[in-house]
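> Protein sequence lines correspond, in order, to chains A and B. Its first residue numbered 1, the first sequence is counted upward by one per residue in this note's numbering. Its first residue numbered 1001, the second sequence is counted upward by one per residue in this note's numbering. Backbone N, C-alpha and C fix where the C-beta goes; we use that ideal spot for every residue, glycine too. Quick caveat: nothing in here was measured; it's all calculated off a predicted structure.
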Amino acid sequence: MPRTQAALRGHSAHLFKTALICSALLAGAAASFGQAKGDDINWRQFEGASIVWAYDIHPYADAVAAQLPDFEKLTGIKVTPELYPDDAYWNKLTIQLSTKSPSWDIVGMGIQPAWDLAPGQLLEPLDRYLNDPKLTSASYDYKDFFPALRDALTWEINGGQIEAGRGQVWAIPHGFENIQLFYRKDILDKHGIKVPTTPPEMSAACEKLKSADPAITPLGVRGVRFWSSIHTAAISIAKSYGVHDFVVKDGKLETGLDSPESLAFHKDYVQMIKKCAAPSFANDNWYQVVDGINSGRTAMAIDSNMFGFWNDVAGKPASGKIAFAPPLRAPNGKNFESNIWIWSLAMNAASQKKGAAWLFIQWATSKQVELNGAVAGKLVNSPRASTWSDKVWLDYAAKPEFTNFVDTFKSVQDRAALAFTPRVGFAEAMNAWAVAMQKMVNGADVKATLTGLASEIRSSM
Amino acid sequence: MDLRGTDATVTLQSSAGQLASSKDEQVQNAEKHGLDWWSLAAIAPAIIILLGFLFLFFYGIFQSLTDLKFGRPLVRFIGFTNYEVAIKSQDFWNSVRATMAYACSAVLAEALSGLALAKLFASGVFLARLMRPVILLPLVLPPMSVALMWTTMMDPQNGILNYLLSLIGIGRLAWISDASTAMLSLVLIDIWTYTPFFALIIFAGLQGIDHEVREAARVNGAKGWATFLHIELPLIAPYILIAAVFRLIESLNQFDIIFGTTQGGPGDSTAVLSVRAYITAFQNLAFGRGAALMVVNWLIVLLGTLAMVKLWRLVRQRVS
């Protein structure tokens, strides 16, 4: 009988929680619809159009996709989402845009790929849409996006190279990530391991963990030979050692990857990977990192913070077991550093339905859609300041199962910034860095490999 | 003289006949050499498609002679610079070595294991007959699915291969995750996928050998191994070589299995030319340099194929 009562209580609590989330979503949807109705632009000006929105298979996409019926009802525009796995998406995106195919109207974009795509006139600049009162509602409030994110997606192209901070807007952010160390509290507590703060501390913790439980992978990090494995752990930690991907020397851009700071970083980092990472490091992408931390096969991970959050959501096997900390810093460094990645929506320059595409971008990055996505537990790093001051979101994110997510987010966000130098040719240089990292982890001499890497980058500049 | 007259008469008669027939021939030739518009119309689509292919091919070669790259507003003709840069880099030669090592070892191992399988099928053993259709299954799988399947199986920590090895007391192997074992692992995947192709063709060759030939060898006292080595093997050699030609072309161009498993890594240990060309063009966005690598890959395939076809012709002549 008590068991039945407990079960009923649990069931009622679950029903109550579901009802609360549903009513918040419904209220949000109703508010957005109502707000749109009272808006100063005609949301139905492209009624009957059909557009394609391409994106990575990602909870951020799920958050928008779940609200698509609202958009279709509001505008009369039909949206077809085309979602692909991460690697396949980026490769397909390059092919679609470079062949000037109009089949994708809106694409999911990251800032770094945009540096390589925009100068080829493959992305549509969005200023004229943002500044057109017939196309953009006054309530859209572009300045509500965090300034760092707006600045990062604004640049001009001068002589085929990027000049950041001013110029045209190339994409609108709809989610971002900062890099953190997240860990399984249950595992570290069980083995009495303190959360490491530097690579040497991490190496020592890994040795202790391995000797206590050889089946556990101490640290999950990406290692694939693609720039995505550099932009998370490697670049964040490297920056705290004083490493810069590029520096200006005698008025000219020059790689900083063969500097003494870079040598010191790589020695520590390679050592740490050898002691801590899975033997499958060279093939590990974010899927493996997330799977490891979720299943408890991995004790710690350095990657985008929301991977920890999503697995803390109530009902997940790891709910309440994942806690957050800043990324590792140099042993003699004063501060940690955290790179950011901005998921944003951009418009294909070859799209033949640009007006409808803009309405979609505007709606998908609106205050209400961002808030709805956040409260649904998916769009957790909203790029809008208004979301972060909204009580509904803050109450949700402060639930005990999310451990110290909000506090860590706030402390890391203070130091989170784009760690790469904006430039055309980003992919080529960073892919080369990822390959060099694999070579060093496989035993190649660190100094010689970095010299080779720097010379390869110089020859491609 | 008589003979000569007879000859003359015969000659005259035949000359008249020739005159008549040469007129017919001229008419026939005129008809033959006249434009047959219907025939031309019939083959026009094939010619257009051929020209289309040739255009694309030559366009690819043209691209390899330019500095075509994303973000570069102007595309310049730079001659053979892309080739010069490639040839001077160590990575390029590493890719050439990786391409040759992958293709040669895979084709050789597949030919040997295909031969063994075909011989087993030809033996008519019950189990071999049962396995014949099953063994062909890898051939019908898409290479990318094969790559994903093997990536999972070769996972050093959770893969089934290491589990099976642990049952017989063999320690964990890193498979595709270690530079020293990655190439061997890829060749293993290729062998698993394409050995049935060899087996199928060699089996057809074995079935084609006249039973009397084997019988004659047996009557002359040849044992099983000697019959295989001196009678069967020379007779099926052209079959083995023709299968090798097709497989060599595919292996030198192999992309799906390699990109789907290692993406050319760890480091550059499995960065064959096709993978390097793809990464250069579509990840590094340097299309000109990527095209140059593809042209080099094409040249290697062409030379390899010509050599194999020549060998096949020699063997076939010897057999016939």
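Determine contact between the region 164-178 of chain A and the region 330-345 of chain A, defined as no fewer than three beta-carbon pairs at a distance below 8 Å.
Yes: the two stretches touch, three or more of their Cβ pairs being nearer than 8 Å.
> Using only alpha-carbon positions, find the residue among B:Phe1282, B:Pro1138, B:Cys1104 and B:Arg1247 that is nearest to Gln1263 of chain B.
The candidate whose alpha carbon is nearest that of Gln1263 of chain B is B:Phe1282.
> Between which residues of its own chain and Gln117 of chain A is the CB-CB distance below 7 Å, once the five residues before and five after are set aside?
Contrary to the premise, residue 117 of chain A reads as Leu rather than Gln in this sequence. Excluding residues within five positions, the ones whose Cβ falls inside 7 Å are Leu97 and Leu123.
> Between which residues of its own chain and Ala212 of chain A is the CB-CB distance below 6 Å, once the five residues before and five after are set aside?
Only His191 meet the Cβ criterion.
> Would you mind reading off the limits of the alpha helix (DSSP H) that contains Gln174 of chain A?
Position check: residue 174 of chain A holds His in this sequence, whereas Gln was assumed. It is not in any alpha helix (DSSP H) - His174 of chain A instead sits in the beta strand (DSSP E) that spans Ile172 to Arg184.
> Can the beta-carbon of Thr298 of chain A be found less than 9 Å from the beta-carbon of Pro196 of chain A?
Not closer than 9 Å, so no.
> Excluding sequence positions up to five away, which residues of its chain have a Cβ less than 8 Å from the Cβ of Thr154 of chain A?
So the list reads Ala164, Gly165, Arg166, Gly167, Gln168, Val169 and Trp170, once near-sequence residues are dropped.
> What do you reckon, are the CB atoms on Ser386 of chain A and Glu370 of chain A nearer than 9 Å?
Taking 9 Å as the Cβ cut-off, Ser386 of chain A and Glu370 of chain A qualify as a contacting pair.
> So is Ile1176 of chain B in contact with chain A if we call contact Cβ pairs under 9 Å?
Judged by the 9 Å Cβ criterion, Ile1176 of chain B is in contact with chain A.
> What residues of chain A sit near Asp1155 of chain B, judged by a beta carbon separation below 7 Å?
The answer, in chain order, is Ser280.
> Which chain B residues sit within Cβ distance under 7 Å of Leu149 of chain A?
Result: empty, since nearest Cβ-Cβ is about 23 Å, beyond 7 Å.
> Which same chain residues, not among the five before or five after Phe1197 of chain B, have their C-beta less than 8 Å away from its C-beta?
Within the same chain, Phe1197 of chain B has close Cβ partners Glu1110, Gly1114, Leu1139, Ala1243, Phe1246 and Arg1247.
> Does the separation of the CB atoms of Leu1186 of chain B and Thr1099 of chain B fall below 9 Å?
For Leu1186 of chain B and Thr1099 of chain B, no; Cβs fall outside 9 Å.
> Under three-state DSSP, which class holds Lys37 of chain A?
Legend: pLDDT at Lys37 of chain A = 47, less than 50; position of this residue unreliable, no value from coordinates given.
> Given a cut-off of 9 Å, decide if Ile293 of chain A and Ala318 of chain A are closer than it, judged by their beta-carbon atoms.
Result yes, Cβ atoms of Ala318 of chain A and Ile293 of chain A sit closer than 9 Å.
> If we count the other Cβ atoms within 10 Å of its Cβ and call it buried at 16 or more, is Phe1057 of chain B buried or exposed?
Phe1057 of chain B should be labelled exposed.
> Can you list, in chain order, the residues of its chain with a C-beta nearer than 7 Å to that of Ala314 of chain A? Leave out the 5 residues immediately preceding and following it.
Excluding sequence neighbours, Ala314 of chain A sits near Glu401.
> Going by C-alpha distance, which of A:Pro260, A:Asp407, A:Lys439 and A:Pro199 is nearest Leu328 of chain A?
Comparing Cα-Cα distances from Leu328 of chain A to each of A:Pro260, A:Asp407, A:Lys439 and A:Pro199, the minimum goes to A:Pro199.
> Given that a residue counts as buried once 16 or more other Cβ atoms are within 10 Å of its Cβ, and exposed if not, what is Tyr55 of chain A?
Buried is the call here.
> DSSP on Gly1159 of chain B, reduced to helix/strand/coil?
Correct three-state label for Gly1159 of chain B: coil.
> Which value, in whole angstroms, describes the spacing of the CA atoms of Tyr1278 of chain B and Ala61 of chain A?
If you take the alpha carbons of Tyr1278 of chain B and Ala61 of chain A, they lie about 28 Å apart.
> Which class does Ile322 of chain A belong to by DSSP, given the choice of helix, strand or coil?
Here Ile322 of chain A sits in strand by DSSP.
> Name the residues in the region 92-104 of chain A whose C-beta lies less than 8 Å from a C-beta of chain B; which are they?
Answer set for the region 92-104 of chain A: Thr94, Ile95 and Ser98.
> Can you give me the C-alpha to C-alpha distance between Tyr1194 of chain B and Ile1135 of chain B, rounded to a whole angstrom?
Each residue's alpha carbon lies about 10 Å from the other.
> When the Cα of Thr365 of chain A is compared with those of A:Asn283, A:Leu379 and A:Lys354, which residue comes out closest?
The residue with the shortest Cα to Cα distance from Thr365 of chain A is A:Leu379.
> Nearest-angstrom Cα distance between Met272 of chain A and Gln438 of chain A?
Whole-angstrom Cα-Cα distance: 13 Å.
> Going along the region 202-226 of chain A in order, which residues come within less than 8 Å of chain B, judged by CB to CB distance?
Answer in chain order: Thr217, Val224, Arg225 and Phe226.
> May I ask you to report which of helix, strand or coil DSSP gives Met1144 of chain B?
In this structure, Met1144 of chain B counts as helix in the three-state DSSP scheme.
> If you draw a straight line from the C-alpha of Thr1181 of chain B to the C-alpha of Ala152 of chain A, how long is it?
Approximately 42 Å, taken between the alpha carbons.
> Secondary structure at Ile1249 of chain B, three-state DSSP: helix, strand or coil?
In the structure shown, Ile1249 of chain B sits in a helix (DSSP, three-state: H, G or I).
> Go through its chain and collect everything with a Cβ distance to Gly34 of chain A's Cβ below 8 Å, but skip five positions before and after it.
Model confidence at Gly34 of chain A stands at a pLDDT of 45, short of 50, so the residue's coordinates are unreliable; what they give is reported in the following sentence. Nothing listed; no residue qualifies.
> Listing by chain order, which chain D residues have their CB less than 9 Å from the CB of Gln271 of chain A?
Absent from the structure is chain D; the protein chains it does hold are A and B.
> Give me the chain A residues within the contact set of Ala1179 of chain B, using Cβ-Cβ distance strictly less than 7 Å, ordered along the chain.
Result: Asn442.
> Which whole runs of the alpha helix (DSSP H) in the region 1053-1119 of chain B are 4 residues long or more, in chain order?
Counting only runs of 4 or more, we get 1081-1088.
> Who are the neighbours of Thr1151 of chain B on chain A, taking C-beta pairs under 7 Å?
The contacting residues are Asn283.
> Using 9 Å as the limit for Cβ to Cβ distance, is Ala454 of chain A near chain B?
It does not: the Cβ of Ala454 of chain A has no partner Cβ on chain B nearer than 9 Å.
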